Amino acid sequence: MVYGLIGNPVSHSLSPIMQNTAFKKTGHPHKYHLFKVSENEVEKAVLGADALGFGGLNVTIPHKEAAYRVCDTHDGDAMAAEAVNTIKFNDEIKGYNTDITGARRAVEQKIEPPIKAVIVGAGGAARGVCIALKDTSNEIVILNRTVSKANKLKKQIENKGCSVTSGGLDQLERELVDADLLVNATPLGMEPDTNKTIATEKTLHQELTVFDLVYRPRDTRLLREASSVGAETIDGVEMLVQQGAASFKIWTGIEPPTDSMREVVVKELEK
């Protein structure tokens, strides 16, 4: 059976090596491929994959909202985000959001609820993290360079069950004093600008867990600054692997070989 990723661009994706490794490890003869799809062709691509007998799809930017609208039904996380990154074809086209699952699992491995979480960023990644954390946080603080975007995300999230505030990056140092978790949901620190960071050791502390969604490079400056003060860290690879593992289980119904998936991703990033 065929699975794949639709998006634009897709050539950089680590999903094929991760999912094909998982299929091989579990004895499935499935194959996972990349499909570059333009924004006005998302519906045709999803319906075409269904008609051709694909088992399922992953969806990456900028198509997650468009793919949501094509699906017949959705899981709870997809409904909350109004975006899907995983589709399963059966008697219906069902959309899931395992980006949220991945963020939730990555954090749960490191930190006990309830927590105060500070999220830097206000785009789709930040929205997913906020939804992932709403059930285990008593306070979420959304900070962004453009304050109006942070305020907009706050309004979208605040009815989801926990206290939510928003503001500008000038509030970061103050909010981190009693925070349990800091999440970088921006591209800052991504290749080639690897010397950039949302925070340094001057504002971080050892009671923090610092989660950077960037995974190129895996060891970002933010994570190095966090480690230097004794803070726990979560790299972007963990979220990538956990969302991929969740997609695999949705498609196959069996437990994913998460360790093997993580290992192959790390090796690929080290090349």
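For what it's worth, the numbering used here labels the leading residue of the sequence shown as 8, then goes sequentially. Note that the Cβ used here is the ideal one computed from N, Cα and C, for glycine as well. If you're wondering where the values come from, they're calculated on a predicted model, not measured in any experiment.
In the structure shown, Val77 adopts helical secondary structure according to DSSP, grouped into three states. For Asn145, the closest C-alpha among the options Leu176, Ala186, Ala110, Lys156 is that of Ala186. Within the model, the alpha-carbon separation for Val221 versus Asp79 is close to 32 Å. Counting C-beta pairs with one atom in each stretch, the region 178–194 and the region 121–133 have three or more that are closer than 8 Å, which means they touch.
Under the DSSP assignment, Asn151 falls outside any alpha helix (DSSP H); it carries neither an H nor an E label.
According to the DSSP assignment, Asp219 belongs to the beta strand (DSSP E) that extends over 216–219. Linking Ser170 to Pro121 through their CA atoms gives a straight-line distance of about 12 Å. Leu140 and Ile94 have their alpha carbons spaced roughly 23 Å apart.
The C-alpha of Ser234 lies about 7 Å from the C-alpha of Thr240. The closest CA to that of Pro69, considering only Gly34, Ser45, Ala113, is found on Ser45. In the DSSP secondary-structure assignment, Glu146 is bridged to Lys123, Ser170.
When Lys31, Met8, Gly34 are compared, the shortest CA-CA separation from Leu59 is found for Met8. Judged by DSSP secondary structure, Thr33 falls outside any alpha helix (DSSP H); it is assigned neither H nor E. Judged by DSSP in its simplified three-state form, Val114 adopts helix. In the three-state scheme derived from DSSP, where H, G and I count as helix and E and B as strand, Gly109 is classed as helix.
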